[in-house]
Amino acid sequence: MDSIIKKDSGNTGKTLAVFCGVHGNEKAGVFAVEKILKNIELTRGAVYFVFANPEAVKKNVRFVDKNLNRCFFDDQSGETYEEKRAIELMSLLDECDALLDIHASNNKETTPFAITDNGAEVVSNMDFTIVATGFNKIEPGGTDGYMKRKNTIGICLECGYSGESEKNTDLAYNSILQFLQYYNCIESIIPMGRVAQKALHVDDVQKVTSEEFELTQTFADFQTIEAGTVIAEDESRKYVADKERVILFGSQGKPIGAEAYILGNWVS
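Sequential numbering from 1238 applies to the sequence shown in the numbering used here.
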């Protein structure tokens, strides 16, 4: 199968992109897009369905050379496989009014959630109880951040634990349908989401500093961390919460330079 499939209704409407497999071991979106391609007909507009990192998907690894979701910069030089792929995908995204990018968390103790700085209205029609903002500032180079810089809508969905991809495929599939329905690209197939949603704003990220860096425990996504809690240690210091925080992506065993954890707070 081609890694980029464009479906065009032949009628006027929005041009959208649906990405899956930006990280090759996050398969719920891959399974959902494969299913969508067999089951829908567009009535308006056009949609790019993109298997974003096909080599990583084939190898069932997060990435080949570099995290693709940190490569979406206007001045990207294109030295590694993922950087070259990002250049290709940015050209595609420049044609689009909105992006839905489907991911999964590598933390077993997670809750599905959406990430967007400018797509809250769209996400309010999906079945996610948590909407996170602020990722574009602390983790630049993502697909949604690229769309925001272009004044178009960018949404990333974290559809549960990556090790339970088949279980989470329905959530990813339904979210794609709701996205396409919101933009009137397809006839209504399922109800739009109407769940109560909480907002989380993230503002701090800690990277893995050395081989000796270690979390003091595996933290569940959205776990509350009390002020004074030692979150991690390395050979030179302890990493302590200076106030009550909410933690994300705090799982063990990540390579040097990777995000060890992200901190934020609920927005009232």
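For each residue, glycine too, the CB sits at the ideal point set by N, CA and C.
Here the structure is a predicted model, which means the values were calculated and not measured.
Alpha helix (DSSP H) segment containing residue i, residue limits
i            : result
residue 1326 : 1318 to 1330
residue 1419 : 1402 to 1419
Cβ neighbours of residue i in the same chain (closer than 8 Å, five flanking residues each side left out)
i            : result
residue 1329 : 1241, 1254, 1285, 1287
residue 1481 : 1461, 1462, 1463, 1464, 1502
residue 1494 : 1444, 1445
residue 1305 : 1259, 1260, 1289, 1290, 1293, 1319, 1322, 1323
residue 1351 : 1360, 1363, 1365, 1367, 1368, 1369, 1392, 1393, 1394, 1395
For residue i, the three-state DSSP class (helix, strand or coil)
i            : result
residue 1359 : helix
residue 1496 : strand
residue 1268 : helix
residue 1342 : strand
residue 1337 : strand
residue 1380 : helix
residue 1374 : helix
residue 1200 : The shown model of the chain, from 1238 to 1505, leaves out residue 1200, and the question about it has no answer.
residue 1262 : coil
residue 1502 : strand
residue 1241 : strand
residue 1367 : strand
residue 1491 : coil
residue 1303 : coil
residue 1387 : coil
For residue i, the first and last residue of its enclosing beta strand (DSSP E)
i            : result
residue 1284 : 1283 to 1288
residue 1395 : 1390 to 1398
residue 1294 : Element bounds for residue 1294: not the beta strand (DSSP E) but the alpha helix (DSSP H), 1291 to 1296.
residue 1256 : 1252 to 1257
residue 1448 : Residue 1448 -> no beta strand (DSSP E), and no H or E assigned at all.
residue 1350 : 1350 to 1352
residue 1482 : 1482 to 1485
Residues near residue i by beta carbon distance below 6 Å, same chain, minus five either side
i            : result
residue 1441 : 1500
residue 1409 : 1265, 1266, 1269, 1339, 1396
residue 1421 : 1281
Beta-carbon proximity list for residue i, same chain, < 7 Å, skipping 5 on both sides
i            : result
residue 1343 : 1399, 1488
residue 1297 : 1261, 1262
residue 1317 : 1302, 1303
Cβ contact (3+ pairs, closer than 8 Å) linking the region 1445 to 1456 and the region 1465 to 1480: yes
At least three beta-carbon pairs within less than 8 Å, the region 1355 to 1370 to the region 1410 to 1426: yes
Within the region 1453 to 1477, note down every full beta strand (DSSP E) run reaching 3 residues or more, in order along the chain. 1460 to 1462, 1467 to 1470, 1475 to 1477
Assess contact between the region 1297 to 1304 and the region 1266 to 1286, defined as three or more Cβ pairs (one per stretch) separated by less than 8 Å. Is contact present? no
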